[in-house]
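K.L.:
What follows is a single structure, and I will ask about it in a moment.
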Amino acid sequence: MTSRRFNITIVALTLLLVLLMLACLVFGSVDIPFGKIVDIVTGKGSGNKAWDIIILQSRIPMIVTAALAGAALSISGLLLQTTFNNPLAGPSILGVSSGAGLGVAIVILALGGTLGGLWSGNVGSYMAILVGALLGAGVVLAVLIAFSAIVRSNTMLLIIGILVSYLTSSIVQLLNSVATEEGVHNYVAWGFGNFSGVSVAQMPVYAGIIILALIGSALMIKPLNALLLGARYARNLGINVSRTRNILLLITGVLTAVVTAFCGPIGFIGLVVPHIARMSLGTSNHSRLVPATILAGADIALLCAVASVSNPHGIIPINAITPVIGVPIILYIIINRRRIQYFN
Amino acid sequence: MNNDNTVYTTHDLAVGYRNGKTVVTLLQGLNLSLEKGKLVALLGQNGAGKSTLLRALTCDERPISGTIKVNGRSLADMSQKDRSRLIGLVSTERIQAGALTVTELVGLGRQPHTGFLGRLDDEDHEIVRQSMEDAGIIGKANEYMASLSDGERQKAMIARALAQQTPIIILDEPTAFLDVASRIETMRLLQTLAHERGKAVLLSSHDISQSLMLADELWLITTDRQVITGSTDELVASGAMDRLFDNRSIHFNNQILDYSF
Numbered sequence: 005m006t007s008r009r010f011n012i013t014i015v016a017l018t019l020l021l022v023l024l025m026l027a028c029l030v031f032g033s034v035d036i037p038f039g040k041i042v043d044i045v046t047g048k049g050s051g052n053k054a055w056d057i058i059i060l061q062s063r064i065p066m067i068v069t070a071a072l073a074g075a076a077l078s079i080s081g082l083l084l085q086t087t088f089n090n091p092l093a094g095p096s097i098l099g100v101s102s103g104a105g106l107g108v109a110i111v112i113l114a115l116g117g118t119l120g121g122l123w124s125g126n127v128g129s130y131m132a133i134l135v136g137a138l139l140g141a142g143v144v145l146a147v148l149i150a151f152s153a154i155v156r157s158n159t160m161l162l163i164i165g166i167l168v169s170y171l172t173s174s175i176v177q178l179l180n181s182v183a184t185e186e187g188v189h190n191y192v193a194w195g196f197g198n199f200s201g202v203s204v205a206q207m208p209v210y211a212g213i214i215i216l217a218l219i220g221s222a223l224m225i226k227p228l229n230a231l232l233l234g235a236r237y238a239r240n241l242g243i244n245v246s247r248t249r250n251i252l253l254l255i256t257g258v259l260t261a262v263v264t265a266f267c268g269p270i271g272f273i274g275l276v277v278p279h280i281a282r283m284s285l286g287t288s289n290h291s292r293l294v295p296a297t298i299l300a301g302a303d304i305a306l307l308c309a310v311a312s313v314s315n316p317h318g319i320i321p322i323n324a325i326t327p328v329i330g331v332p333i334i335l336y337i338i339i340n341r342r343r344i345q346y347f348n
Numbered sequence: 308m309n310n311d312n313t314v315y316t317t318h319d320l321a322v323g324y325r326n327g328k329t330v331v332t333l334l335q336g337l338n339l340s341l342e343k344g345k346l347v348a349l350l351g352q353n354g355a356g357k358s359t360l361l362r363a364l365t366c367d368e369r370p371i372s373g374t375i376k377v378n379g380r381s382l383a384d385m386s387q388k389d390r391s392r393l394i395g396l397v398s399t400e401r402i403q404a405g406a407l408t409v410t411e412l413v414g415l416g417r418q419p420h421t422g423f424l425g426r427l428d429d430e431d432h433e434i435v436r437q438s439m440e441d442a443g444i445i446g447k448a449n450e451y452m453a454s455l456s457d458g459e460r461q462k463a464m465i466a467r468a469l470a471q472q473t474p475i476i477i478l479d480e481p482t483a484f485l486d487v488a489s490r491i492e493t494m495r496l497l498q499t500l501a502h503e504r505g506k507a508v509l510l511s512s513h514d515i516s517q518s519l520m521l522a523d524e525l526w527l528i529t530t531d532r533q534v535i536t537g538s539t540d541e542l543v544a545s546g547a548m549d550r551l552f553d554n555r556s557i558h559f560n561n562q563i564l565d566y567s568f
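Protein chains in written order, with my numbering: chain A, 5 to 348; chain B, 308 to 568.
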């Protein structure tokens, strides 16, 4: 019974993924006939150089970027929710994204004027941003680990995450006041959230790190399931809890930092998608939850990507779309708390 | 006192808690042992150190001093994995397993025996089924944990510990949140597991009269922080039950196996 529900969900999410990918290929500021798109994708070329470039160097990288970003943020959310035993945890609400963002801000604002264009393909500049994001996310995760040992309350940990976000944004504003105009402009543009920031040349680094970390999360399914029973039971099942927790937070930090560095601080996806996966599967079992979360995350991010290019007057920032999808789902979950099995 | 059936022993064990640099010892000089096939109840008033002792016995907390041995091997020197094959735990910790079915939850008990990805083979599935049957929860095998009553949940958690196939099962207040009927049922189940499956079962409890009726042995934490051990009948006869509580206005009544005032 349960495996049938799993199969149906996976097939549905995969079909949706294909549809959304096609939609992302077709929709955009330039209308390209579908037949020509097929020609370009199959390598025949459309005879129109501009079209070839738009599809191969803009739309396809955007599709891959969005799908991987969605999967990465969603898995981050799932790992945080299980690790902290807190269904409202997520990379943005716990301040991990802001921490990564602060790292990015320091790099862009401090060095932005001198490094040249942010997305110029200059290896030095995006590597510096990536390192900044990793360090920023790492610091926030370390703060969360320290506090989670002191404050046992779930709500308090969320509030600490929100405080961390406030603190980082105030530091960013302080940096803004002393940064170059170009640096501030780059930072503001980055803050809107954008799946078009990964060039073909940067793709191997971006995709490589995310795919490795996603594989890493799939290898943690057994300890993740043990953690559903809390630290004491997990230990009794032979799990080294502190080591497991550190590995899970390392994976989370890497996933969030890479996505934040390249796409900006994207909210809600990490918080909401694990709930979508749990509710559609009707389980907290990570052996089914991890693949469904990866697929559903890719779907939601692509949906945001389609929405962002659907406006004829220009691109809508991703961060203007995610709350529209995320907030109703979170409200639904909070209101129906008593009726949803995994809260009880 | 030790014989061939002894599986679990403590040697000059002291337990307590550490608060920064200060060490507070609650109980010391403990030489305790558990035998196969016996149900042991740990009794004591609130704050006496029942949970602290159990946390040390399950290796969740480092003891202040002393050693614990299972089948002659020191528990502290074992890997987490080895320990998980010797001691099964049932605690009152809040778990987030509402969206797991009973079968899935009991299946988690197989983790010490499964490979890296935790996949269950046919043998594991059979052990899970048998454990649910032994714990009397097989009828709810495909139900969500969230849909169970407190008593049923506790049976599922006991089935999970059974699936772990450990010679020792330690339970921290297994009947704490249960109504009277479920309490009796749970205690009878634990007695059966000890007597018929040969498990060494140790539980802490507030429920004195129940424990006296069903436990083979008692560990009593007295008000002067001694741990008195012995068979239930002996301890009751010796008047040791009166050393369990400070309150002078209550006395243990051997006739009704409970306190009166």
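Glycine residues also receive a C-beta, built at the ideal position from the N, C-alpha and C atoms.
If you draw a straight line from the alpha carbon of Ala114 of chain A to that of Ala146 of chain A, how long is it in whole angstroms?
P.N.:
Going from the Cα of Ala114 of chain A to the Cα of Ala146 of chain A covers about 24 Å.
K.L.:
On the criterion of 16 or more Cβ atoms from any shown chain inside 10 Å, does Arg380 of chain B qualify as buried, or is it exposed?
P.N.:
Arg380 of chain B should be labelled exposed.
K.L.:
So with CB distances below 9 Å, who are the chain A contacts of Phe423 of chain B?
P.N.:
What Phe423 of chain B touches in chain A: Leu223 and Lys226.
K.L.:
So Lys388 of chain B contacts chain A; which residues on that side make the cut at Cβ distance below 8 Å?
P.N.:
By Cβ distance, chain A contributes Gly242.
K.L.:
Within the 8 Å Cβ cut-off, does Ser398 of chain B reach chain A?
P.N.:
Closer than 8 Å: yes.
K.L.:
With distances taken Cα to Cα, identify the nearest neighbour of Lys376 of chain B among B:Tyr315, B:Leu496 and B:Ile477.
P.N.:
Ranking B:Tyr315, B:Leu496 and B:Ile477 by Cα distance to Lys376 of chain B puts B:Tyr315 first.
K.L.:
Are the C-beta of Thr408 of chain A and some C-beta of chain B separated by less than 8 Å?
P.N.:
No statement about residue 408 of chain A is possible, as the shown extent of chain A runs from 5 to 348 and does not include it.
K.L.:
Assuming Ala104 of chain A and Thr260 of chain A make a contact with CB atoms under 8 Å, what is their CB distance in whole Å?
P.N.:
Ala104 of chain A to Thr260 of chain A, Cβ: 6 Å. Contact.
K.L.:
Checking contacts by CB at 8 Å: is Tyr271 of chain B closer than that to chain A?
P.N.:
Nothing about residue 271 of chain B can be reported from this structure: the residues present for chain B run from 308 to 568 only.
K.L.:
Rounded to a whole number of angstroms, what is the C-alpha to C-alpha distance between Met224 of chain A and Arg426 of chain B?
P.N.:
The alpha-carbon atoms of Met224 of chain A and Arg426 of chain B are separated by roughly 13 Å.
K.L.:
Would you say Gln249 of chain B reaches chain A, if we count a Cβ-Cβ gap shorter than 8 Å as a contact?
P.N.:
Residue 249 of chain B cannot be examined here, being either before or after the span of chain B that is shown, 308 to 568.
K.L.:
Tell me, to the nearest whole angstrom, how far the beta carbon of Ala406 of chain B is from that of Ala470 of chain B; I am working on the premise that it is less than 8 Å.
P.N.:
Actually they are not in contact, since the Cβ atoms of Ala406 of chain B and Ala470 of chain B sit about 19 Å apart, beyond 8 Å.
K.L.:
Check the Cβ-Cβ distances between Thr287 of chain A and every residue of chain B, and say whether any is below 8 Å.
P.N.:
Judged by the 8 Å Cβ criterion, Thr287 of chain A is in contact with chain B.
K.L.:
Check the Cβ of Gly344 of chain B against every Cβ in chain A and list those closer than 9 Å, keeping chain order.
P.N.:
The contacting residues do not exist; Gly344 of chain B stays about 22 Å from chain A at best.
K.L.:
Beta-carbon within less than 6 Å of Val192 of chain A's beta-carbon, same chain only, minus the 5 sequence neighbours each way: which residues are those?
P.N.:
Here the set comprises nothing.
K.L.:
Hey, does Ile528 of chain B have any beta-carbon neighbour from chain A nearer than 8 Å?
P.N.:
Not an interface residue.
K.L.:
Got a sec? Which residues, its chain only, sit under 6 Å from Ile36 of chain A by beta carbon, not counting five neighbours each side?
P.N.:
Closer than 6 Å at Cβ, skipping near neighbours: Trp55.
K.L.:
Could you tell me how far apart the beta carbons of Ile215 of chain A and Leu275 of chain A are, in whole angstroms, since I believe they sit closer than 8 Å?
P.N.:
Not really, about 23 Å apart at Cβ, beyond 8 Å.
K.L.:
For Gln562 of chain B, does the count of other Cβ atoms within 10 angstroms reach 16, so buried, or fall short, so exposed?
P.N.:
Exposed.
K.L.:
Restricting to Cα atoms, I'd like to know which of B:Thr473, B:Ala448, B:Met464 and B:Gln472 is closest to Glu480 of chain B.
P.N.:
Residue B:Met464 is the option with its Cα nearest to Glu480 of chain B.
K.L.:
List the whole-angstrom C-beta distance separating Leu527 of chain B from Gly327 of chain B, where the pair is believed to meet the contact cut-off of C-beta under 8 Å.
P.N.:
In fact, because the Cβ distance is near 31 Å, the residues do not count as touching under 8 Å.
K.L.:
For the beta strand (DSSP E) that His279 of chain A lies in, which residues bound it at each end?
P.N.:
Taken as a continuous stretch (DSSP letters only), His279 of chain A belongs to no beta strand (DSSP E), being part of the alpha helix (DSSP H) at Ile273 to Leu285.
K.L.:
In its own chain, which residues sit with a C-beta less than 6 Å from the C-beta of Ala70 of chain A, not counting the 5 before and 5 after it?
P.N.:
Taken in chain order, the residues that qualify are Phe199, Ala305, Leu306 and Ala309.
K.L.:
What's the call for Ile154 of chain A, buried or exposed, on a 16-neighbour Cβ count within 10 Å?
P.N.:
Ile154 of chain A comes out exposed.
K.L.:
Is Pro278 of chain A closer than 8 Å to Leu366 of chain A when the C-beta atoms are compared?
P.N.:
The question about residue 366 of chain A has no answer here: the residues shown for chain A are numbered 5 through 348.
K.L.:
In three-state DSSP terms, what is Ala300 of chain A?
P.N.:
DSSP places Ala300 of chain A in helix when its eight states are reduced to three.
K.L.:
DSSP state of Ala383 of chain B, grouped into three classes?
P.N.:
DSSP places Ala383 of chain B in coil when its eight states are reduced to three.
K.L.:
Within a Cβ cutoff of 6 Å, which residues of the same chain sit near Leu478 of chain B, ignoring the five residues on either side of it in sequence?
P.N.:
Taken in chain order, the residues that qualify are Val397 and Leu510.
K.L.:
Pairing CB atoms from the stretch 337-350 of chain B with CB atoms from the stretch 518-532 of chain B, are three or more of them under 8 Å?
P.N.:
The stretch 337-350 of chain B vs the stretch 518-532 of chain B: in contact.
K.L.:
Give me the chain A residues within the contact set of Asp367 of chain B, using Cβ-Cβ distance strictly less than 7 Å, ordered along the chain.
P.N.:
Those within 7 Å of Asp367 of chain B in chain A are Arg236 and Arg239.
K.L.:
Quick one: Cα of Ser203 of chain A to Cα of Leu171 of chain A, how far?
P.N.:
Roughly 32 Å between the two C-alpha positions.
K.L.:
Could one say the Cβ of Tyr451 of chain B lies closer than 8 Å to chain A's Cβ atoms, at least one of them?
P.N.:
Chain A contact via Cβ: present.
K.L.:
Tell me whether Ile402 of chain B sits in a helix, a strand or coil according to DSSP, three-state version.
P.N.:
Coil, per DSSP.
K.L.:
Please state whether the Cβ-Cβ distance between Thr326 of chain A and Ile243 of chain A is less than 8 Å.
P.N.:
Against a cut-off of 8 Å, the Cβ pair of Ile243 of chain A and Thr326 of chain A comes out as no contact.
K.L.:
Per DSSP, His189 of chain A is paired with what?
P.N.:
According to DSSP, which records beta bridges pairwise, His189 of chain A is partnered with nothing at all.
K.L.:
Would you mind listing the beta strand (DSSP E) stretches within the stretch 323-358 of chain B that are 3+ residues and don't spill past its ends, in chain order?
P.N.:
Those beta strand (DSSP E) runs which fall completely within the stretch 323-358 of chain B and span 3+ residues are 329-337, 340-342 and 346-350.
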